[in-house]
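All residue numbers for the sequence shown refer to my numbering, where the first residue is 1 and numbers rise by one.
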Amino acid sequence: MEIRIEKTTAPKAKPDQKNLGFGHNFTDHMFVMDYTEGKGWHDARIVPFENITLSPAAMVFHYGQEMFEGLKAYRGKDGKARLFRPEMNAKRTNDTNDRLCIPRLPEEDFVEAVKAVVKVDQDWIPTEPGTSLYIRPFIIATDPFLGVAPSKTYMFIIILSPSGAYYASGLAPVGIWIEDEYVRAVKGGMGYAKTGGNYAASLAAQVKAHDDGYSQVLWLDGVERKYIEEVGAMNIFFKIDGKIVTPMLNGSILPGITRNSVITLCKNWGYEVEERKISVDELLEAQKSGKLEECFGTGTAAVISPVGKLRYKDDVMTISGGKIGELSQKIYDEITGIQGGTREDKLNWITFVE
Ligand SMILES: *Cc1c(COP(=O)(O)O)cnc(C)c1O
């Protein structure tokens, strides 16, 4: 793939690394590539970050034909910029595209585009502990047409956002609301696809959980509302009686790359890992009998998010005494160590930007 590069003539001032938060600041450049039916993906370019112009009739505004990805670039102690398993994001992009009738993207082009745009803006990768450059690739349907059909034209864009340490003062446990009214996805739907519609569907429950003082929603299956699925933007793990248990991928759960990495690490460390159905009743039982040892969410943003409290209807379960579990901390240290280049990358998970 040939990428044309047009550098900005007006570089922005970089934000204060101590107050980055998440998703507020954007770098000087973005990657853009167009798709036209008959011509395929073409005109790959890196251009100054700027507004885009679309017809108000563009299909993405009406029927939600869009997908996105999320990954990060990390600045190691050695000064080198690293990506964590970007080929997994490329593969997942095509799985999402297939579900949404968006044309596939050559996976090597996806990784090349990410590397190229991060390289141009690599001075934007923050260096404070826990910070990173969040990478947001996405595809939108751009045909100006109100009929319901797959669009014939698309834009693939990658924007970059320096982001702060997820946990300002170390790993902090969160409270999670097990949602028993709304559902996020069902088998046969698009729960496994990374697409905005799934998030639009989740907002009402999130608002309800926030109003009650919980930071995130844990979804149950859409049919029986009995089995655990996943948290808002994270997969979920439990340590029950020494074993690691996580819901199996069933079509309605997003196959997280962090989830996959955690399963691999735990197996390598000799833990028994079970991917299977887990009912809320099983959790309540395990908690009552003292066997629910740890609970944590996994995702690119936080890596590991320890859960200190789980609410289901009138039951509030406190886990690990509301503190960080030993295994949660061990996994967090290992993954962030590999990402930052302070731990050996035994599984070849790192791609250098150059
Ligand atoms: C992105 C995402 C995750 C986490 O995936 P990672 O690849 O680990 O970042 C989990 N659940 C949902 C709904 C997501 O969109």
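All residues carry an ideal CB built from backbone N, CA and C; glycine is no exception.
Please read these numbers as outputs of a predicted model, since none were measured by experiment.
Of the residues 29, 42, 40 and 102, the one whose Cα lies closest to the Cα of residue 60 is 102. Residue 101 sits in coil when the DSSP states are folded into three classes, being neither helix nor strand. Runs of the beta strand (DSSP E) spanning 3 or more residues and lying entirely within the region 188-244 occur at 216-220, 228-231 and 235-240, in chain order. Restricting attention to alpha helix (DSSP H) runs no shorter than 4 residues, the region 314-345 encloses them at 326-340, ordered along the chain. By the 16-neighbour rule on beta-carbons within 10 angstroms, residue 280 is buried. DSSP assignment within the region 45-86 yields the following whole beta strand (DSSP E) runs of 3 residues or more, N-terminal first: 66-68, 71-75 and 81-84.
Taking all protein chains shown into account, residue 269 has fewer than 16 neighbouring C-beta atoms within 10 Å of its C-beta and is therefore exposed. Rounded to the nearest whole angstrom, the C-alpha separation of residue 201 and residue 329 is 32 Å. Partner residues in the beta bridge of residue 309, as assigned by DSSP, are 175 and 318. Contact between the region 90-105 and the region 158-176 is absent: fewer than 3 CB-CB pairs across the two stretches fall below 8 Å.
In the three-state reduction of the DSSP assignment, residue 296 falls in the strand class, which pools E and B. Counting every other CB atom within 10 Å of its CB across the protein chains shown gives residue 57 a total below 16, marking it as exposed. Residue range 132-141 is occupied by the beta strand (DSSP E) that includes residue 139, with no alpha helix (DSSP H) assigned at that position. Inter-residue distance for residue 145 and residue 322 is about 52 Å (C-alpha atoms, whole angstroms).
The beta carbon of residue 235 sits closer than 6 Å to at least one heavy atom of ligand 1.
Beta-bridge annotation (DSSP): residue 162 is paired with 133. Judged by beta-carbon spacing, residue 86 lies beyond the 7 Å limit of residue 47, meaning their Cβ atoms are not closer than that value. For residue 31, the enclosing beta strand (DSSP E) has its first and last residue at 29-36. Buried is the label assigned to residue 194, since at least 16 other Cβ atoms lie within 10 Å of its Cβ. In this structure residue 325 does not touch residue 318 by the C-beta definition: roughly 12 Å separates them, more than the 8 Å allowed.
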